[in-house]
Amino acid sequence: MRRELSSRELTEAVLARIRAVEDRVRSYVTLTEELALEQAARADERIARGEAGPLTGIPMALKDVIVTRGIRTTCSSRMLEHFVPPYDATVTRRLAEAGAVLLGKTNMDEFAMGSSTENSAFFPTYNPWDLERVPGGSSGGSAAAVAAGEAVYALGSDTGGSIRQPAALCGVTGLKPTYGLVSRYGLVAFASSLDQIGPLTRDVEDAALVLGAIAGHDPADSTSAPVEVPDYRQFLQPGLEGVRVGVPREYFVEGMDPAVRASVEEAVRELERLGASVDWDVSLPSTPYALSVYYIIAPSEASSNLARYDGVKYGYAYQEGGGMWENMEQTRGRGFGDEVKRRIMLGTYALSAGYYDAYYVKALRVRTLIRREFEEAFQRYDVLVTPTSPTAAFKIGERVEDPLAMYLSDVCTLPVNIAGIPGLSVPCGFAGGLPVGLQILARPFDEGSLLRVGYAYQQATDWHRRRPPL
Amino acid sequence: MALTKDEVAHIARLARLGLTDGEIERFRAQLSQILDYFQELRRIDTEDVPPTAHSLPLQNVTAPDEVRPSLPVEEVLANAPLREDDYFRVRKVLE
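Quick note, the sequences are listed as chains R and E, same order. First residue of the first sequence? That's 84 in this note's numbering, and the numbers climb one at a time after it. First residue of the second sequence? That's 724 in this note's numbering, and the numbers climb one at a time after it.
Have a look at this one:
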């Protein structure tokens, strides 16, 4: 079956879908309907001229941590509620040049700190599969929008799992590229050595197309890697003959939902049927320490990055105090939500005199061990496969009062950012009616292997085609 | 690793975060619990392990020293809470 439609028709159909479901899902902080229709009209002209690329005219959404010139960018924080960026992020510009249609900016945990999107200062986003549950986070708005058909694809950011975990919980495909592959210029900084932008899509093929559009060296980001970007479509081939798969046992953690485990194990058997060789008993012994390492490094970097919110240059400003210091303290005390303040406190403590070596430097040393174990494993295996999250979507409110329980939902994704390697989450089944994600990991800059394995898996299964009954 | 109220207030001051008494008490309990969890790292021998601050081995990245357009002044200052001419205005630092 083949039907051709214009960008305008497609954009109007997605906008109609947004009108139909958005009051239940609440994926978007800001909708840019007028801009979307303008961009769709321009895309149709471009298509008529025969100058279209694969993303021309396709309506998409950006997580509200990616700056858009002239369109407010809030990070779902009171601090930036009225902030209108004077420039575009590199990914925003690259997608615009590819002819993308921007539908709006998606909800998130404030400053990307969280695993449920409940830390948005504005409102929570609801999981399209069960409106009483969280969509995951921090890119929960992006994941829910794609799952609910409110966008064809979306960009998110991933510091410790913030693309992959919500992708898993919402039943969509999510890719965190290798650190340095996608420019961070215009990504509001959380933890600069861990942050990476990537796509949330309906399937692996779309992820390959979007990655191809946003990847590549950018002189505006000094941590951007000077590497050649291949045409990722070349990796989209059926069959996995010759692919060596390792299954690290430490990722099947205590407290894991048995139904999640069963789905992931069945997915690995599918890879075996597709021709891959599987070693079911790989060990990465430092994995359990990744949680501590992450929650020292990420808040430390955040406490430094978020020092810029001082009420002077932009953002919320408390003006009623007696002097500059009081105004600054009140600006930050009132402008930031609980989780952001908690992490600034944690990071400030870890970096403070007397604790710097015991916490921060110690975490950096264990980071080396985690990275080395991946390097050693990738001498024997092309990819490692794990669950993306130990449980399916949890209930709204269930973990908000217990920061450690919330942090534990990212145990399978954190080590990947610590090591800087790429990770892909693809839907691999259901647990109690809720989507489950399979995480696939590869060597730095070997996104090709992730896409190959994910694509072959999706050719053989239909989990990624299931849609929530909204 | 029980933090005291004074320690929490000291960290808040370092971070220039104006916290209420209730927040100080809540963060005291939560941060103490999280710091306890971190003690597991002491079990790992890292004597001969160098720290990794960054996963990508790029160093001394430079850019050509050439004049390029800067951000548009009006769009930048449109976000300023207080402005005077083409400057950000701040409250008096020293009385």
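All C-beta atoms, glycine included, are put in the ideal place defined by N, C-alpha and C.
Item: Chain-ordered residues of the segment 727-744 of chain E with a beta carbon less than 9 Å from chain R; Value: E730, V731, H733, I734, A735, R736, L737, A738, R739, L740, G741, L742, T743
Item: Collapsed DSSP secondary structure at R:L467 in the structure displayed; Value: strand
Item: Beta-carbon separation (whole angstroms), R:V328 vs R:A350, contact threshold 8 Å; Value: Contact doesn't hold; Cβ gap of about 11 Å is too wide.
Item: Rounded separation between R:S532 and R:F477 - CA only; Value: 31 Å
Item: Neighbouring residues, chain R, relative to E:P773 (Cβ below 8 Å); Value: R448, T451
Item: First and last residue of the uninterrupted beta strand (DSSP E) at R:Y397; Value: Looking at the DSSP string, R:Y397 is not in any beta strand (DSSP E), and its letter there is neither H nor E.
Item: Touch test, the segment 196-215 of chain R against the segment 165-180 of chain R, Cβ-Cβ under 8 Å, three pairs minimum; Value: no
Item: Beta strand (DSSP E) runs contained entirely in the segment 358-421 of chain R, provided each spans 3 or more residues; Value: 360-365
Item: Runs of alpha helix (DSSP H) lying entirely within the segment 201-284 of chain R, each at least 4 residues, in chain order; Value: 223-230, 247-253
Item: CB contact check: E:A725 to chain R, cutoff 9 Å; Value: no
Item: CB contact check: R:E412 to chain E, cutoff 9 Å; Value: yes
Item: Chain R within 9 Å of E:E746, Cβ atoms only; Value: yes
Item: C-alpha gap between R:V229 and R:A144, whole angstroms; Value: 9 Å
Item: Neighbour flag for E:V813 against chain R, beta carbons, 9 Å; Value: yes
Item: Same chain, Cβ closer than 7 Å to R:G503, neighbours up to 5 away in sequence not counted; Value: T261, Y262, P527
Item: Sequence-distant residues of the same chain with beta carbon closer than 7 Å to R:L452, five excluded per side; Value: S369
Item: Minimum C-alpha distance to R:A525 - residue among R:E128, R:V265, R:A385, R:A460; Value: R:A460
Item: For R:P518, the residue or residues it bridges with in DSSP; Value: R:F513
Item: Distance between R:D465 and E:P780 (C-alpha atoms, nearest Å); Value: 22 Å
Item: Three-state secondary structure assigned by DSSP to R:A298; Value: strand
Item: R:A525, DSSP secondary structure in three states; Value: strand
Item: Inter-residue Cα distance where the pair is R:I154 and R:P282; Value: 20 Å
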